[in-house]
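Everything on this sheet refers to the single structure shown next.
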Amino acid sequence: MELIKNRVTQKMILKEKIKVVITDLDGTLLNSDHKISDYTKTIFKELHKKNYLLIVATGRHHLDAQAIVATLDCPVYLVTSNGARIHSPDNELLFSVDMKSELVKAIFDLEIDAEITSVLFKEDKWQTNHNNDALNSFSKESKYLPEIVNFESLEDFSAIKIFFTHDDHQKLVELKDKILHTYSDLFCHAFSLPFCLEFMDKSVNKSVAIEKILQLEKYAFEESISFGDGFNDEEMLKSAGKGLLMGNAPQSLIDTLPHLEQILSNDNDGVATYLSQQLLTN
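Per full-length UniProt numbering: the sequence shown = residues 1 to 282.
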């Protein structure tokens, strides 16, 4: 009986405290088919009706993410490219930062293994050295399309974000160490997935971008609940008043954030189920 009372009390405290809902996309709000379920859409519409501020923070490009978030059919702030872009619910660009061409080129001059798929996020397209079917599957219906290029002859390396993907995680770890050995002061990095290594401008971070939105809307991180499954979500999860790890998060992230509660996986509507139980039901 005492345990039930404690759970009810904790739920009441959470409901009174939380005013902002923050979520990652891939591996979190999206299922393995890279879709938002109908159940999740219903829950987010209900959250909007109850005046919760909704923020989606993703590593995806804004052209890609905007099409996905639009299916929620409710106003959502959008943080993309791990914080390099912020768009309002009306798709107005509020903040942007890019990586300088000469700095990105310096990374590509380090002789990257030709087996690794390299990608530059440009404003209207992504440039890559390989046609990668696994990568393409993340954006089947997107208008943000790839362009195959030869990085050895490319002249303009300016980018919103760069990332590298390979099935062998250790290859990416070795590349990360190689880049950071020389350029640790110029870039920040994260493994959004074990097979996806991302580099951004040193100032870019999901948590930093979200803080800008919270200040604009006159909220504090302590009033937020956040959901994520990757290392690019780490600071966001630690900053939120309540951070929650997806059941499908990698063990390495779980070990890094052992104090955080785990919820159901993305394929089991973990985010929507938790929000429904904790914020929308009495």
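Think of the CB as a built atom: it goes at the ideal place given N, C-alpha and C, for glycine as much as any other residue.
Counting C-beta pairs closer than 8 Å gives fewer than three between the segment 118 to 129 and the segment 236 to 247, which falls short of the contact rule. In terms of Cβ geometry, ILE210 and ILE36 do not form a close pair [threshold 8 Å]. With contacts defined as CB atoms closer than 8 Å, ASP156 and SER101 qualify as a contacting pair. In the structure shown, LEU94 adopts extended strand secondary structure according to DSSP, grouped into three states.
At a Cβ-Cβ threshold of 8 Å, ASN248 and ASN266 count as neighbours. Taking C-beta atoms under 8 Å as the contact rule, LEU78 and GLN66 qualify, at a distance of about 7 Å. Here ASN129 is near VAL149, since their CB atoms are less than 8 Å apart. As the crow flies, the alpha-carbon of LEU180 is around 14 Å from that of PHE163. Of all alpha-carbon atoms in THR42, HIS61, ILE18, the one lying nearest the alpha-carbon of LYS143 is that of HIS61. Residue state for GLU155 is assigned as coil, using DSSP reduced to three classes.
Relative to HIS259, the option among LEU30, LEU280, GLU234 whose CA is nearest is GLU234.
Here the segment 99 to 118 makes no contact with the segment 40 to 53; the two share fewer than three CB pairs at distances below 8 Å.
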